[in-house]
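**Q** I have a structure I would like to understand better, so I am pasting it below and will then ask my questions one at a time.
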Amino acid sequence: MSRTGRCLCGAVTFAAAGEPGWVGICHCESCRRATGGVLVAAAGYKRDAVRFAGAAPMAYESSPGALRRFCARCGTALSYESEQWPDDVHLMVGAFDRPQDLAPRFHVFAQERLPWLRVADDLPRFRTTPSAGEVLPDRED
Ligand SMILES: [Zn+2]
Ligand SMILES: [Zn+2]
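With the first letter of the sequence shown counted as 1, position 132 gets the number 132 in our numbering; the numbers rise by one all the way through.
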């Protein structure tokens with residue numbers, strides 16, 4: 001199977017083969033600024049499972065060793081890659097054609113969650129990343 005997506009203007013499309021390794025919600029400042037949203041959901045794929053088509057996305061080094069791709073025409077944030085996970089690409093769930101099929105399984109960088117934002121789920125809230133392991137309490141207030 002393959003999941004498809006596109007930027008807002010449609011110049012860039014993508015296809016991701018198979019199921020993502022994970023889907024998570026990120027609260028980090030970098031994702032916030034890159035998208036203008038107050039949180040971001042992303043799906044983790046292997047790089048060789050993802051194909052962009054149409055216009056080539058622009059790429060920007062958002063922090064040392066991290067690359068974010070976005071549509072050069074409309075600005076839609078599309079992906080995140082990091083030297084930390086050289087085989088992986090994180091695709092923005094909101095850019096998929098069927099984001100409703102990509103339910104998140106955890107929160108990351110929960111320590112950067114905006115204090116007025118409450119998310120009513122019971123998913124684990126990692127202080128930073130799942131590999132770091134530290135989970136914050138369920139209650140957010
Ligand atoms: Zn676009
Ligand atoms: Zn983030």
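Every residue gets a Cβ at the ideal spot worked out from N, C-alpha and C, and that includes glycine.
Compute the Euclidean distance between the alpha carbons of alanine 59 and proline 115, then round it to the nearest angstrom.
**A** Alanine 59 and proline 115: Cα-Cα distance of roughly 31 Å.
**Q** How big is the Cα-Cα spacing for arginine 32 and alanine 77?
**A** Distance between the alpha carbons of arginine 32 and alanine 77: 11 Å.
**Q** Figure out for me which residue from Ser131, Leu123, Phe70 has the closest Cα to the Cα of cysteine 7.
**A** Looking at the Cα atoms, Phe70 is the closest of the given residues.
**Q** Near leucine 136, what residues of its chain come up, given a Cβ to Cβ distance below 6 Å and the 5 sequence neighbours on each side ignored?
**A** Excluding residues within five positions, the ones whose Cβ falls inside 6 Å are Ala110, Arg125, Arg127.
**Q** Using a Cβ distance threshold of 8 Å, determine whether the segment 48-56 contacts the segment 92-107, with at least three qualifying pairs required.
**A** These segments do not touch.
**Q** Pick out whichever of Ala72, Val108, Asp121, Ala120 has its Cα sitting closest to the Cα of alanine 132.
**A** Of the candidates Ala72, Val108, Asp121, Ala120, the one whose C-alpha sits nearest the C-alpha of alanine 132 is Val108.
**Q** Return yes when the C-beta of glycine 36 is under 8 Å from any heavy atom of ligand 1, and no when it is not.
**A** Not under cutoff, so the answer is no.
**Q** Measuring from each Cβ to the nearest heavy atom of ligand 1, keep the ones under 6 Å and list them in chain order.
**A** The answer, residue by residue, is Cys7, Leu8, Cys9, Ala11, Val12, Cys71, Arg73, Cys74, Thr76.
**Q** Regarding histidine 27 and ligand 2, is the C-beta to nearest heavy atom distance less than 8 Å?
**A** Result yes, Cβ under 8 Å from ligand 2.
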